[in-house]
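Down below is the structure, laid out as structure tokens.
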Amino acid sequence: MGMELPGLRTWLVFYLISFVVLLWAAFLSAQGVMLWVSLLLVLLIIGVNFVTVLNQIKIHAARKELQRKLTSGFERGTEAEVKGEGEKHS
88 MGMELPGLRT WLVFYLISFV VLLWAAFLSA QGVMLWVSLL LVLLIIGVNF
138 VTVLNQIKIH AARKELQRKL TSGFERGTEA EVKGEGEKHS
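Residue numbers (the numbering used here): 88 to 177.
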């Protein structure tokens with residue numbers, strides 16, 4: 088039971104942008120200028136990634152709960168009825 092990846096292209100673009108921002112922050116800190124900007128960028132990217140992944144986990148849990156609620160009262164029937172239907176259609 089794996090987690091579906093909705094919009095793989097969206098995730099790819101999101102993480103590519105995150106990677107570019109982190110590279111820019113590393114460049115700024117390596118130059119020794121605007122250290123506070125590079126630290127702010129790193130914290131911002133970590134925070135946005137954390138919130139995004141947390142929201143995706145919540146959406147997945149809500150979708151799974153909705154699916155469980157919708158299928159909780161559903162029964163296929165007794166074992167004999169299911170076998171009887173299979174013989175009729177054969």
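No residue lacks a Cβ here, since even glycine has one placed at the ideal position from N, Cα and C.
In this text, all values refer to a predicted model and were calculated from it rather than measured experimentally.
Check: Can you check whether the CB of Leu128 is closer than 8 Å to the CB of Val100?; Outcome: no
Check: Using the rule of at least 16 other Cβ atoms within 10 Å of the residue's Cβ for burial, across every protein chain shown, is Tyr102 buried or exposed?; Outcome: exposed
Check: Within the continuous alpha helix (DSSP H) that includes Ser105, where are the two ends?; Outcome: 95-118
Check: Quick one: what does DSSP say Ser125 is sitting in, helix, strand or coil?; Outcome: helix
Check: Helix, strand or coil for Phe161, going by three-state DSSP, please let me know.; Outcome: coil
Check: Verify whether the separation of the beta carbon atoms of Leu124 and Leu115 is less than 8 Å.; Outcome: This sequence places Val at residue 124; Leu is not what is there. Yes, these two residues count as a Cβ contact at 8 Å.
Check: Does the distance from the C-beta atom of Asn142 to that of Ser105 stay below 8 Å?; Outcome: no
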